[in-house]
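What follows is a set of notes on a single structure, which appears directly below.
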């Protein structure tokens, strides 16, 4: 068959295939992109690209770069004059950026990430943007999946079997003793959580993203370390509403500083100046309740094992009661107990050994009697992924990224 009819046939097939998505993504809306396919594609594109004239990022920034870039596309009649694509030039100049491979011609070939690793220009998602607080967001790349699944396609690999700090999935797993409610609602709730958020879920982009609320959404870049939307100081120092603005978005500051479950909270944060990150892992904990990070990696935390016991650990004897083994603010806690906990109730032994669970992740083995915070199954029905409507993202094998569908 001659080449021209083949090209026409392909164009018709493409138009037919994407018509249902036209209402969801402006890229397929001729009133927004009157240039149609040639706005992004050329007949003879770069090798190993989806018919792109330049690398992926350069193509996207033709409309999403600076205002001058956008106006140039309007002048060429490839973009409508009233189109307002999000302009990323300001956020891409921030000090903390999501890693991007500027020379990648396809998401499949990117060693880190490129625009189409997270976005699908041919199909969008109507609810991939802002949703009511407490509601899980859909993936901007695939509306049949959740946002956290997209993030975990790169930031999750072997589940709890790894100590890699980029493997966030092991910490968010709903079978853990504690986790921030990203993959599933929390089984219990911190007393400091704002009432309207209790029982809901949070999204990766509730914490990570542009610190400018008027700027383009998403974790492209931020002036705050770790690409955060608000301030989160991870080193010890004075407490203030600004220092922990990210935490106080969901947690009532007054209740944090006057916690009935841990009366020493205010003392540690205000008087001693301990950071939230000194004690808590903001994603979750494979071995501890209350997001306590002791006994796991301490990349951020400024604490060390107790000199008298050699242990860096947290043992819970129930909500509002437990013990810490560490040296902190110059004092040896070997251990320091609080609540109803006592040395007689604590079992002087190492942390429980991990055991494999069917999902392929690792969960701590049962702790000693009375140490409820260390028992698997603490979260009840949430230990069974089927009870909250979604299977774990990762199976027992190694996990790669989502298959690129450009």
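Numbering (this note's numbering), first residue to last: 1048 to 1453.
Ideal Cβ positions, reconstructed from N, Cα and C, are used throughout, including at glycine.
Residue 1144 sits in a strand when the DSSP states are folded into three classes.
Of 1271, 1243, 1252, the smallest CA-CA separation from residue 1229 is found for 1252. Within the model, the alpha-carbon separation for residue 1294 versus residue 1238 is close to 14 Å. Taking one beta carbon from each stretch, the segment 1095 to 1113 and the segment 1121 to 1139 have 3 or more pairs nearer than 8 Å; the two touch.
Residue range 1162 to 1165 is occupied by the alpha helix (DSSP H) that includes residue 1163, with no beta strand (DSSP E) assigned at that position. Contact annotation: residue 1276 and residue 1257 have beta-carbon atoms nearer than 9 Å. Here residue 1357 is exposed. Its C-beta has fewer than 16 other C-beta atoms within 10 Å.
Per DSSP, the continuous alpha helix (DSSP H) segment holding residue 1202 begins and ends at 1194 to 1202. Burial check for residue 1248: the Cβ neighbour count within 10 Å reaches 16 or more, so the residue is buried. As the crow flies, the alpha-carbon of residue 1330 is around 12 Å from that of residue 1202. With a cut-off of 8 Å on Cβ pairs, the segment 1153 to 1161 is not in contact with the segment 1277 to 1286, counting fewer than three such pairs. Rounded to the nearest angstrom, the Cβ distance from residue 1305 to residue 1326 is 17 Å, too far for a contact under 8 Å. Each of 1139, 1088, 1084, 1092 was checked against the Cα of residue 1274, and the nearest Cα belongs to 1139. The continuous stretches of alpha helix (DSSP H) do not include residue 1373, which lies in the beta strand (DSSP E) extending over residues 1369 to 1375. Between the C-alpha atoms of residue 1103 and residue 1097 there is a straight-line separation of about 9 Å. Fully contained in the segment 1282 to 1323 are the following alpha helix (DSSP H) runs of length 4 or more, in chain order: 1300 to 1304. For residue 1115, the uninterrupted alpha helix (DSSP H) segment begins and ends at 1114 to 1122.
The Cβ neighbour count for residue 1222, taken over all protein chains shown within 10 Å, is at least 16; the residue is labelled buried. Residue pairing by DSSP puts residue 1361 in a beta bridge opposite 1371. Bounds of the alpha helix (DSSP H) holding residue 1252 are 1251 to 1254. Only residues of its own chain outside the window of five on either side were considered, and among them 1099, 1100, 1101, 1102, 1152 have a CB closer than 8 Å to the CB of residue 1093, listed in chain order.
Non-local beta-carbon contacts of residue 1270 in its own chain, meaning distances under 8 Å to residues more than five positions away in sequence, involve 1141, 1142, 1143, 1258 in chain order. Sequence-distant partners of residue 1086 (beyond 5 residues in either direction) whose C-beta falls short of 6 Å from its own C-beta, in its chain, are 1080, 1125. DSSP places residue 1105 in the uninterrupted alpha helix (DSSP H) bounded by 1103 to 1111. For the pair residue 1184 and residue 1342, the Cα-to-Cα distance works out to about 32 Å. Annotation: the continuous alpha helix (DSSP H) that includes residue 1217 extends over 1216 to 1219. For the pair residue 1118 and residue 1218, the CB atoms are not nearer than the 9 Å cut-off.
With contacts defined by Cβ atoms closer than 9 Å, residue 1285 and residue 1320 form a contacting pair.
Under the three-state reduction of DSSP output, residue 1269 falls in the strand class.
The beta-bridge partner set that DSSP reports for residue 1226 consists of 1331. Shown here, residue 1240 sits in a strand according to DSSP, grouped into three states.
A distance of 9 Å or more separates the beta carbons of residue 1166 and residue 1338.
Distance check between residue 1170 and each of 1072, 1216, 1231, 1148 places 1072 closest, using alpha-carbon atoms only. Taking a C-beta distance under 9 Å as the contact criterion, residue 1298 and residue 1350 do not qualify as a contact pair. Judged by beta-carbon spacing, residue 1385 lies within the 9 Å limit of residue 1309, meaning their Cβ atoms are closer than that value. The three-state secondary structure of residue 1383, taken from DSSP, is strand.
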